[in-house]
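Take a look at the structure below.
Protein chains: 4
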Amino acid sequence: MENLADKKKAILESTLDLIKENGFHGTPMSMVAKHANVAAGTIYHYFDSKETLICQLFSYVKGRIMDALFEQDDESLDFRVRFFRVWRGLYEFYINNLNSLVFFEQFVNSPYNKKLPKPEHDTFKPLHDFFTLGIEQEYLRPVNPKILTVLAHGSILTAAKVRMAGKIELQEPELEQIIEILWDGMALKKK
Amino acid sequence: MENLADKKKAILESTLDLIKENGFHGTPMSMVAKHANVAAGTIYHYFDSKETLICQLFSYVKGRIMDALFEQDDESLDFRVRFFRVWRGLYEFYINNLNSLVFFEQFVNSPYNKKLPKPEHDTFKPLHDFFTLGIEQEYLRPVNPKILTVLAHGSILTAAKVRMAGKIELQEPELEQIIEILWDGMALKKK
Amino acid sequence: MENLADKKKAILESTLDLIKENGFHGTPMSMVAKHANVAAGTIYHYFDSKETLICQLFSYVKGRIMDALFEQDDESLDFRVRFFRVWRGLYEFYINNLNSLVFFEQFVNSPYNKKLPKPEHDTFKPLHDFFTLGIEQEYLRPVNPKILTVLAHGSILTAAKVRMAGKIELQEPELEQIIEILWDGMALKKK
Amino acid sequence: MENLADKKKAILESTLDLIKENGFHGTPMSMVAKHANVAAGTIYHYFDSKETLICQLFSYVKGRIMDALFEQDDESLDFRVRFFRVWRGLYEFYINNLNSLVFFEQFVNSPYNKKLPKPEHDTFKPLHDFFTLGIEQEYLRPVNPKILTVLAHGSILTAAKVRMAGKIELQEPELEQIIEILWDGMALKKK
DNA sequence: AATGAATGAGACTTCATTCAT
DNA sequence: GATGAATGAAGTCTCATTCAT
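Chains as they are written, first to last, in my numbering: chain A, 21 to 211; chain B, 21 to 211; chain C, 21 to 211; chain D, 21 to 211.
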């Protein structure tokens, strides 16, 4: 027998899968219900509306991204090594969770995103903090950490999407080179 | 009085505007019709279906992006200067054409994109060619040009989206710094 | 309160009535819904599309015609008497169920009929069997039973349609004469 | 260059062909226009509306049926031979003009037919007259000629439709038998 | 006479949501 | 809590008809 949490999770995961394949408007509630093995009405015990479901799914996905961001991190390592691991950690999360990547991108570019109250600090705050630390410790150039976040996340996202598009030209050595180039540009050139 | 091209263009532009505000499924054909000042049925003279309209709009937007990419370019300039100008050219196009940016991002992450036959070479082929040239002329590191495209386009897109999100922290000096960091990482360190 | 079968039947019966009056294209689904006292969407729980509804209605009507064919029959009677009763049985069914007659005729002459897989044996198989028996028992001429089916059904259908057209000239004695003429032509002239 | 009559005829013939294939509601005016090689608007020079077109087409088809009815007739022949020729004449017209047969049947069972003022005497008046003559000349039983019309036309129509349905079991000898049976039933048994 | 782009009412159908069980 | 039949507003699209050329 299942408990509530199981069903709620099944609904969220089903929605995530289906939206990747069919988009928002190609994913009716009836389809979510069938995929999650619940009745259509059941979804409304857990979520007020389709919009609520999608917005809660966004929080759910954000949480998983945040978890992934520093899962591989180890503060005892050299900062450069940490940067390489963080970059790859998020990249691999996206590759292994394409439905999250696709959903996240669809969501942030959709009108749903407008309706959401801006969060105190966003999903990538930990990344921002990480770069702030790197600057303080004089590993990185003394610039607005936002800049480094943009560069890092932009490259991860784009690399993952290029890979997802079936262009498998981005292999191991290429990934390493991307990170190296980024690091070279971002790192503080000490005397 | 209008001619055919006018109506078709009005429909495309209206769709672009409305999808930015309301997304695909928040933009019924009736709304497009009203916004474009045509009858609902008229849209179907120019486009077989809503899907066709959206896919043709994608081609239309791709064309504009490609035009924007090298509008500011000047082959007689130094390669580093050209890189700065190309980066800013696309960035500014996105900022000044937020509807194109939002639509493009929504489209590529949507199921519509799956149905489209993969183009021979994509929108960013000119960027790829630009980097290939830079490598040949020994301005840039001898890596797969794809890598540089990922880095450049990822940073432009992300910067534009951060700016669009209302986080106006990215001002002139920050933009300059982003490009500088990228350039430093990508450039060939000559002896 | 109604059960499922009730609603499905109400939809079928409403469609039958309305198509008699208005034809296929004069009977929108909204009209069926109103006449059957259900919401428009409800029809789509029971039938995939208007086409499906009409094709299922055809099966439904065929069933009723087959039921009517031998309702009046009594195998213990003389074959000639049975023939007269069968002829009148179907004739009266048509007269009392004009909507079925009209629908049936509209359907078989329509493109819907083309799409249907040909049935193993058709609605009038029982009539064919009846004539086969009559031939075996030497009441009827030894011809292809198909011929007799054509003659019998053709005359019933045409008589019913003449009557329906408001030409009330076909009264009891005339009907009797039609059957007699047919019988005389079909019967085996015994020595 | 074409004249008016040519275009009007092309429209009528196109409509006849298309309605056989697609039915009334599957045959938009635009399709008729394309098939007849005229502009949509041109149809409205010749016919007030789609309904008018279809009703005029009915008259057109009726005319052809009436022409066919006695094309093969020869008053100098024996009445029995004439009957056989008239039956086959109409049967063959239907077989060779399936679009007329299908259209006629669709029309008479459709609501269009209701709106038409009842004609003074209908399409099959010549058949009725033929049978009246046969009775007067004591070839046929002294019954209401209407009866004989029903039997004859019913059998012709049904035989043609059986043949059209692809059931090719009705061959030459069977046709001959059908007419013989009818004749035997209808003919006056002289002493 | 002929054209065919344009119109817009209305068709078919979908789907978020409700509610009696 | 769970169900899923029922709802009906709203969506996409069609097509008879018009009218400026």
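Don't be surprised by glycine CBs; every beta carbon is placed ideally from N, CA and C.
Neighbourhood of residue i by C-beta distance below 8 Å, restricted to the same chain and skipping five residues each side
{"i": "Trp-203(A)", "result": "Arg-100, Phe-103, Phe-104"}
{"i": "Leu-171(B)", "result": "Leu-202, Gly-205, Met-206"}
{"i": "Arg-84(D)", "result": "Phe-113, Asn-117, Ser-120"}
Residue i versus the options, residue with shortest Cα-Cα distance
{"i": "Lys-28(A)", "options": "Gly-46(A), Ala-56(A), Asn-42(A)", "result": "Ala-56(A)"}
{"i": "Glu-91(B)", "options": "Ser-175(B), Pro-146(B), Val-163(B)", "result": "Pro-146(B)"}
{"i": "Leu-36(A)", "options": "Leu-118(A), Asp-94(A), Asp-149(A), Lys-138(A)", "result": "Leu-118(A)"}
{"i": "Ala-180(C)", "options": "Ser-96(C), Lys-209(C), Ile-115(C)", "result": "Ile-115(C)"}
{"i": "Met-86(C)", "options": "Asp-149(C), Gln-191(C), Glu-196(C)", "result": "Asp-149(C)"}
{"i": "Lys-82(B)", "options": "Phe-127(B), Glu-196(B), Leu-195(B)", "result": "Phe-127(B)"}
Backbone CA spacing between residue i and residue j [nearest angstrom]
{"i": "Pro-193(C)", "j": "Leu-153(D)", "result": "21 Å"}
{"i": "Glu-112(D)", "j": "Lys-70(B)", "result": "49 Å"}
{"i": "Leu-73(B)", "j": "Leu-160(A)", "result": "47 Å"}
{"i": "Asp-26(A)", "j": "Lys-40(A)", "result": "21 Å"}
{"i": "Arg-183(D)", "j": "Tyr-80(B)", "result": "55 Å"}
{"i": "Gly-61(C)", "j": "Ser-130(D)", "result": "27 Å"}
{"i": "Leu-136(C)", "j": "Thr-178(D)", "result": "20 Å"}
{"i": "Ala-185(D)", "j": "Val-122(D)", "result": "11 Å"}
{"i": "Val-58(C)", "j": "Asn-42(C)", "result": "20 Å"}
{"i": "Lys-138(D)", "j": "Leu-190(C)", "result": "18 Å"}
{"i": "Phe-67(B)", "j": "Ser-96(A)", "result": "60 Å"}
{"i": "Leu-195(B)", "j": "His-65(C)", "result": "57 Å"}
{"i": "Lys-134(D)", "j": "Asp-142(C)", "result": "30 Å"}
Those residues which DSSP pairs with residue i across a bridge
{"i": "Ala-207(B)", "result": "Leu-160(B)"}
Cβ-based neighbour list, residue i, same chain, cut-off 7 Å, excluding 5 preceding and 5 following
{"i": "Phe-144(D)", "result": "Thr-169, His-173"}
{"i": "Leu-38(B)", "result": "Thr-47, Met-51, Val-52, His-55"}
{"i": "Ala-88(D)", "result": "Gly-109, Leu-110, Phe-113"}
{"i": "Tyr-132(C)", "result": "Glu-71, Ile-74, Cys-75"}
{"i": "Ser-175(A)", "result": "Ile-198, Leu-202"}
{"i": "Met-49(D)", "result": "Ala-60, Ile-63, Lys-70"}
{"i": "Leu-208(C)", "result": "Glu-158, Tyr-159, Leu-160, Arg-161"}
{"i": "Ser-34(B)", "result": "Val-52, His-55, Ala-56"}
{"i": "Asp-98(A)", "result": "none"}
Cβ separation of residue i and residue j, assumed to be a contact under 8 Å, to the nearest whole Å
{"i": "Val-106(C)", "j": "Asp-93(C)", "result": "6 Å"}
{"i": "Ile-167(C)", "j": "Ile-199(D)", "result": "That belief does not hold up - the Cβ atoms of Ile-167(C) and Ile-199(D) are roughly 10 Å apart, past 8 Å."}
{"i": "Glu-125(B)", "j": "Glu-125(A)", "result": "7 Å"}
{"i": "Phe-151(C)", "j": "Pro-165(C)", "result": "4 Å"}
Cβ-based neighbour list, residue i, same chain, cut-off 6 Å, excluding 5 preceding and 5 following
{"i": "Phe-44(A)", "result": "none"}
{"i": "Leu-32(C)", "result": "Leu-77, Tyr-80"}
{"i": "Ala-30(C)", "result": "Ala-56"}
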